[in-house]
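Working notes, structure below.
Dropping the structure here:
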């Protein structure tokens with residue numbers, strides 16, 4: 646049960662850290678996960694977001710705001726805002742597919758085959 650709990654964590658690094666701590670009970674596994682997640686959050690550097698940019702016009706010597714750049718930046722942020730974790734099959738532990746479509750899944754023959 647502890648292994649499956651750790652595999653269900655969103656962050657693969659957190660999964661490795663929890664399993665590496667060798668918890669004996671689910672309560673210990675949960676406690677380790679919460680503690681390590683807090684440490685990882687503190688250790689992560691914050692990203693600096695650019696909301697607006699200016700382009701220097703070499704010929705005029707002034708600066709002019711790039712139209713639409715802020716909207717483009719916001720669209721990209723929205724798309725990147727909720728990245729999906731890599732899909733891992735729980736049947737064969739390989740990435741890129743789910744258990745339902747696992748190539749190693751035993752196939753049943755239909756009842757009409759002789």
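In this note's numbering, the protein residues as written are 646 to 759. C-beta: ideal position from N, C-alpha, C; glycine also.
Under the DSSP assignment, residue 740 falls outside any alpha helix (DSSP H); it carries neither an H nor an E label.
Distance check between residue 649 and each of 734, 688 and 683 places 734 closest, using alpha-carbon atoms only. Annotated as distal: residue 684 and residue 674, with beta-carbon spacing of 7 Å or more. Sorting 665, 748 and 660 by C-alpha distance to the C-alpha of residue 682 places 660 at the top.
Residue 753 and residue 647 have their C-alpha atoms some 31 Å from each other.
Bridge pairing for residue 733: 740 [DSSP]. Taking the Cα positions, residue 749 is about 7 Å away from residue 737.
In this chain, residue 689 is not harboured by any alpha helix (DSSP H), its DSSP state being neither H nor E.
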